[in-house]
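What follows is a set of notes on a single structure, which appears directly below.
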Amino acid sequence: MQTLKSLTALTVALALAAPGIAAAQSAAHDGHAASALEIVLNDGAKWQGDQNMLTGMSAIHATITGNLDAIHAGSLSADAAGGIAADVQKQLDFMVENCVLEPEVDEQFHIVLGEVMAGVAALEAGEVEPGAVTIVQALNAYGEHFEHPDWRMID
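Heads up: the sequence shown is residues -24 to -1, 1 to 131, going by mature numbering (1 follows the signal peptide of the UniProt record, and there is no 0).
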């Protein structure tokens, strides 16, 4: 499992280093500062992914939205945050293991995955709000740049 996490981190780092990607702002979450995600559209259109991407991102979205009230209230324990991090990491691992995206789509998607991974690391460190905000921003950036039927942005 540790090897897979290392491979995931390496894959994301390589995607983040790709040249020629224009910066895009993700939406701020409840007054928190927006972070810059370097994602572009596909000649003005959203990127088309695969079923593995849709499945994994839907599961991450459900995990985060299912815990938003506790996150906003500041009542989510460090143990619960660790559980959320584990659930999200499971989906990240699934998507990386089953990735069959075209190279251009994959490059853009790995930028989103890198942000989600940063949020997972913060959650694992007990930094609940910053971790959750990072994941929410990544999910919203994903929704802005990838075709995903019935995707809902998170306020």
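For glycine and all other residues, C-beta sits at the position ideal for the given N, C-alpha and C.
**Asked** How is the alpha helix (DSSP H) around residue 147 delimited, first residue to last?
**Response** Absent from the model: residue 147. The displayed extent of the chain is -24 to 131, so no value can be given.
**Message:** Ignoring anything shorter than 4 residues, give me the alpha helix (DSSP H) runs that lie fully in the region 8 to 47, in order along the chain.
**Reply:** 27 to 41
**Message:** Going by beta-carbon coordinates alone, are asparagine 43 and cysteine 75 separated by less than 8 Å?
**Reply:** As a first step, residue 43 must be located in the sequence shown, where it is residue number 67. As a first step, residue 75 must be located in the sequence shown, where it is residue number 99. No, these two residues do not count as a Cβ contact at 8 Å.
**Prompt:** On the three-pair Cβ rule with 8 Å, is the region 12 to 21 touching the region 64 to 73?
**Reply:** no
**Message:** On the criterion of 16 or more Cβ atoms from any shown chain inside 10 Å, does glycine 50 qualify as buried, or is it exposed?
**Reply:** Here residue 50 refers to the residue found at position 74 of the sequence shown. So glycine 50 ends up on the exposed side.
**Beta-carbon spacing of valine 72, glutamine 24 below 8 Å** = For the purposes of this step, residue 72 is taken as the residue at position 96 of the sequence shown. For the purposes of this step, residue 24 is taken as the residue at position 48 of the sequence shown. Cβ distance not < 8 Å, so valine 72 and glutamine 24 don't count as in contact.
**Request:** For the alpha helix (DSSP H) holding valine 64, just list the boundary residues, first then last.
**Result:** Counting from one through the sequence shown, the residue named residue 64 turns up at place 88. Per DSSP, valine 64 belongs to the alpha helix (DSSP H) from 54 to 73.
**Request:** Can you tell me the Cβ-Cβ gap for glycine 107 and glycine 119, rounded? I've got them flagged as a contact below 8 Å.
**Result:** Translated into the one-based positions of the sequence shown, residue 107 becomes position 131. Translated into the one-based positions of the sequence shown, residue 119 becomes position 143. At roughly 19 Å, the Cβ-Cβ gap does not stay under 8 Å, so glycine 107 and glycine 119 are not in contact.
**Item:** Assumed close pair glutamate 78, glutamine 113 - CB separation to whole angstroms, cut-off 8 Å
**Value:** One-based indexing of the sequence shown puts residue 78 at position 102. One-based indexing of the sequence shown puts residue 113 at position 137. Not really, about 25 Å apart at Cβ, beyond 8 Å.
**Prompt:** From methionine 129 to alanine 117, what does the alpha carbon distance come to, in whole angstroms?
**Reply:** For this step, residue 129 is matched to residue 153 along the sequence shown. For this step, residue 117 is matched to residue 141 along the sequence shown. Near 9 Å, if we compare the C-alpha coordinates of alanine 117 and methionine 129.
**Request:** Can you have a look at glycine 20 and say buried or exposed, based on whether 16 or more other CB atoms are within 10 angstroms of its CB?
**Result:** Counted from its first residue, the sequence shown places residue 20 at position 44. With fewer than 16 Cβ atoms within 10 Å of its Cβ, glycine 20 is classed as exposed.
**Test item: CB-CB of threonine 31 and aspartate 63 under 8 Å** = Taking the first residue of the sequence shown as position 1, residue 31 is located at position 55. Taking the first residue of the sequence shown as position 1, residue 63 is located at position 87. No, Cβ-Cβ distance for threonine 31 and aspartate 63 is not below 8 Å.
**Message:** Rounded to the nearest angstrom, what separates histidine 121 and leucine 17 at their Cα positions?
**Reply:** One-based indexing of the sequence shown puts residue 121 at position 145. One-based indexing of the sequence shown puts residue 17 at position 41. Distance between the alpha carbons of histidine 121 and leucine 17 is about 6 Å.
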